[in-house]
Structure formats: structure tokens, C-alpha cells
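Those letters in the sequence shown? Residues 64 to 398, per our numbering, in order.
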Amino acid sequence: MSFALPQSFKTTPQEKMVGLFVLFAIAAFIYLGTLKGGLTEIGKTLTFTTQVKQSYGITLGAPVKLSGVVIGEVSEISLLKSGKVAISIRLPKKYQQLYTTDSTLKIDSQFGFDTMLIGQGMIFQPGKNNKRLKNGDNVFTKEPQTLADLTKEFNLAEISKQMGGILDNIERITANLAQKENDINNILANSLALSQSLNKTSAKLPQTINKFENLLADIKNNSAPVFKVAEKRLEESKAVLTSSNTLMLELQKLSRKTEPSVEQIPKTLNTLNKTLLEIELLTKQLKGLWYLGGKTTDFNTNTNEILIPYYNNNESFNDLFSIAPKGDDSEPQQN
């Protein structure tokens, strides 16, 4: 005896899908309830405000995340008279050390399960300074850029004009290339001829190098005697220079020895000059003595009778004795 289920207990695949969807919805609402219930409690939170151009799909109770972790929620959304949207967020005090004045907010654009259910959320990005935000302070929000903003930022109209100019230049270049195809072919032909000539030259290059090496060897062999003679001449020149240096040293020593004698020459000449003058004076006086048959000279009345020549150092001794003194008319006596 077999037991069969009544027709009312049988389910179709469509009914199974509806049941799964209902279970999924119940689980989602339970998840959201636990998510919102575990966010923050009033009295243990701080409230901050921000202003954006539009709501970007943000709703009340939307989560506020920090490093991917939900720490708060959107507590209020209002429209200002200026047309901007004011959003208030509620964050717990236990993370107060992260709420600095240079912190920013960002619209959460990541696609996720909670985003499908409750809309867009916000991301809190801590700053780097140590000055903390106070309850009710305003936080700057980095808004997502739209296509119009990107167009303004990158100036797509000007870029498109530049691209059009670039395309025109490319067309001109390609047209010139088509016109100068013959020139390019001629250049290629000349390059081929040049490469063939280079190949012939490279084939002859080893022979040329061998000839050059032989020439260098001949020059070396022929120049060896010349180098030997040059070395001998250099050695002789060194010997001559050494002798010259020795001679110069001896001359320097001799000049040092004769230097004192040379310094005494003016004094000796001066003394000799005085002695000669005295001899000359004495000679004239002796000639004028009467007992020697000479002519008496009155030194008081006629001072020009005895003229003593001044001896100059530049005169010679012969010139001194060849000068006949004035007033001497006597002739030498004959015996």
C-alpha cells in the first residue's frame, strides 16, 4: 500500500522560487535590523554636518564607513535655501581621536548588497593633524565628478580640435609619402649601391692592413739606427751640459773671490791719484830751487806759475807725464 500526497501539498517550481525570494527578503530585513541596531546609541555619539550639490541617492540611515567598517549612519537630510543638500552624520565617540579637522567625507560608489537595499552610503577619511572636530562641526565632502565636470576639467572641445589638427597633419604626411615614393625608391637604390661598395671595400681592407703593417715594420727597421745615433748625441749633449754646469759653478766661485778685490779698485786709484799729485808738486818745487840752477818761483805773487794737472781716473799714466806744466822754462842742465 503506497501513500501519496494530496494534490494541495504539491508545489510547482514557480512557488519554490517565490518562497526562496520571501526567505531572502526576510533575511535581508533581519540583516538591516541588526546593522542599524548595532550602529550607535544617542548620547554616545557626535554629530557632524556636510553640504553637497545633490543627495546622490543617500537616504536616512545610510551607513558611514571607515576603512570598510560601518561606524555610523546618516541621521538627517535637508534641502538648504541655496539649493544644496545638508547631510548630518552620527559617529561614535570611541573613535574621536580619528575625527580631525582635515578629515573628509566621500560618497560610497562601491556596488554591494547593502547599497542595493538602502542606497548609497558615505566614507569617512581621517586627516593627519592632531586638531579634533567638535560636535556639530562641518566636514568637507569630495563629490563624485559627473560627465559634464570631466568635460570641463579636461576641456574635451579643445582636445577634439587638437585631435582634428593632428589627423589633418597625418593625412598630409601620408599624401606627401605617396608623392615621394619615387624619391624613397631612389634612396633605397642608392643605399643598396653604397652597401655593395662597402662590401667590396671591406673585402680589400685586410690586404690594405697587411701592407700598412709591413710599411710600419720597414719604418721601424730603418729608423732604428737613427734612434741609436740620436741617443748617442743625447748622451754627449748631457755630458756637455754637465761640464757647462761645472764651469758655471767654478766661474761663480771665482767671481765671489774676486768681488772684494774689484770693490777695492776705486780706493786704490784714488790713493794713487793723490800720490801722483804730490810727486808732481814736489818735482816742480825741486825744479824751481835756485841752488839747482832753476828759476825761483814766487808762490805768493804768481799762483799760475805752478799748474798741477788734475789726474782723472780715466786718464793713463803716460798722459799724465806727457803734460808740460806752465811756468817751467828751465832746461835740463848739461854736465
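Don't be surprised by glycine CBs; every beta carbon is placed ideally from N, CA and C.
(message) By DSSP's criteria, LEU153 is part of a beta bridge. Which residues make up the other side?
(response) Rather than Leu, the amino acid found at residue 153 in this sequence is Arg. In the DSSP secondary-structure assignment, ARG153 is bridged to THR110, GLU136.
(request) Measure the C-alpha to C-alpha separation of THR360 and LEU339 and round it to an integer number of angstroms. (result) Because THR360 carries a pLDDT of 49, less than 50, the predicted location of this residue cannot be relied on, and no value is offered for it.
(request) Kindly indicate which three-state DSSP category THR321 falls into: helix, strand or coil? (result) The answer is helix: DSSP assigns THR321 an H, G or I state.
(request) Look up LEU251 in the DSSP assignment and give the residues it is bridged to. (result) Within the DSSP secondary-structure output, LEU251 pairs in no beta bridge.
(request) Starting from LEU123, follow the beta strand (DSSP E) in both directions and report where the run begins and ends. (result) Unbroken run through LEU123: none, as it is neither H nor E.
(request) Spatial neighbours of LYS107 within its chain, please: CB distance less than 7 angstroms, with the 5 preceding and 5 following residues excluded, ordered by chain position. (result) Contacts found: PRO155, LYS156.
(message) Measuring straight from C-alpha to C-alpha, what distance separates GLY190 and THR167?
(response) Here the alpha carbons of THR167 and GLY190 stand approximately 7 angstroms from one another.
(request) Compute the distance between the beta-carbons of ASP171 and LYS205, then report whether it is under 8 angstroms. (result) When the beta-carbon positions are compared, ASP171 and LYS205 stay at least 8 angstroms from each other.
(request) Classify LEU196 as helix, strand or coil using the three-state DSSP reduction. (result) In the three-state reduction of the DSSP assignment, LEU196 falls in the coil class.
(message) Can you give me the C-alpha to C-alpha distance between LYS147 and GLN159, rounded to a whole angstrom?
(response) Taking the straight line joining both Cα atoms gives about 28 angstroms.
(request) Please check the pair GLN183 and ILE140, which I expect to be a contact at CB under 8 angstroms, by giving their CB distance rounded to whole angstroms. (result) Actually they do not touch by this definition, with Cβ atoms about 12 angstroms apart.
(request) Could you tell me the distance, in whole angstroms, from the CA atom of ILE342 to the CA atom of SER306? (result) Computed Cα separation, rounded: 51 angstroms.
(request) Excluding the 5 residues preceding and the 5 following THR113 in the sequence, name in chain order all residues of the same chain whose CB lies nearer than 6 angstroms to its CB. (result) Contacts found: ILE150, LEU168, VAL202, THR204.
(message) Taking the beta carbon of MET80 as the centre, do at least 16 other beta carbons fall within 10 Å, making it buried, or is it exposed?
(response) By the 10 Å Cβ count, MET80 comes out exposed.
(message) In this structure, how does DSSP classify THR167 when only helix, strand and coil are distinguished?
(response) In this structure, THR167 counts as strand in the three-state DSSP scheme.
(request) Determine the extent of the beta strand (DSSP E) in which GLN160 is found, giving its start and end residues. (result) From DSSP, GLN160 is part of no beta strand (DSSP E); its letter is neither H nor E.
(request) Following the continuous beta strand (DSSP E) through THR204, name the residue where it begins and the one where it ends. (result) In the DSSP annotation of this structure, the continuous segment of the beta strand (DSSP E) that includes THR204 starts and ends at 203 to 205.
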